[in-house]
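Working notes for the structure below.
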């Protein structure tokens with residue numbers, strides 16, 4: 001039986017709720033990707049070109065610092081990786097996470113929450129941060145209902 005990890009970044013709490021339900025459904029460990037400097041409401045104002053999130057997302061090489069936690073990724077076969085969609089892709093903090101640990105030989109299935117956009121080029125933009133992993137686009141789980149999550153994880 002493979003061991004699964006649900007790793008997630010949540011700026012406002014929406015993705016966290018979905019990640020917790022997924023972890024419960026698949027009986028996986030849960031890992032929160034936490035920024036060293038938490039995001040404020042002003043940081044997340046996508047209408048403001050000078051807001052922290054706007055600045056980070058306009059530079060694809062930017063890597064926000066994360067709280068590095070001791071984590072033995074070698075004990076997991078599959079990682080369900082969740083985040084909110086920012087500017088049609090994963091926030092660059094997800095690249096920071098992927099570059100901080102060794103995901104060689106791992107299967108990474110993405111899930112996301114979004115106000116309206118899809119995954120866009122997310123898989124392509126994340127692949128260089130975990131070149132020896134297989135990253136696949138999973139599903140947008142905007143409603144985050146138990147039934148929606150249950151159906152999705154059964155399809156994996």
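Residue numbers (the UniProt record's numbering): 1 to 156. In this text, a Cβ means the ideal position worked out from N, Cα and C, and glycines have one as well.
> Is residue 6 helix, strand or coil when you go by DSSP?
Replying inline: In this structure, residue 6 counts as strand in the three-state DSSP scheme.
>> Quick check: what's the CA-CA separation for residue 132 versus residue 44?
In response: Between the alpha carbons of residue 132 and residue 44 lies a gap of roughly 31 Å.
> When DSSP labels each residue in this structure, what does residue 79 get in the three-state scheme?
Replying inline: It is a strand residue.
>> Considering only their Cβ atoms, is the gap separating residue 134 from residue 159 smaller than 7 Å?
In response: No information on residue 159 is available, as it lies outside the stretch 1 to 156 that the chain covers here.
>> Using only the alpha-carbon positions, how far apart do residue 80 and residue 52 sit?
In response: Looking at the backbone, the Cα of residue 80 and that of residue 52 are separated by about 26 Å.
>> Measuring straight from C-alpha to C-alpha, what distance separates residue 129 and residue 96?
In response: Each residue's alpha carbon lies about 8 Å from the other.
> Roughly how many angstroms separate the alpha carbons of residue 98 and residue 126, rounded to a whole number?
Replying inline: So the alpha carbons of these two residues sit roughly 8 Å apart.
>> Here's the rule: buried if 16 or more other CB atoms are within 10 angstroms of the residue's CB, otherwise exposed. What is residue 140?
In response: Buried.
> Would you say residue 57 and residue 86 are within 7 Å of each other, going by their C-beta atoms?
Replying inline: Cβ atoms of residue 57 and residue 86: closer than 7 Å.
> Quick one: is residue 71 near chain C, going by C-beta distance under 7 Å?
Replying inline: Absent from the structure is chain C; it holds one protein chain and no more.
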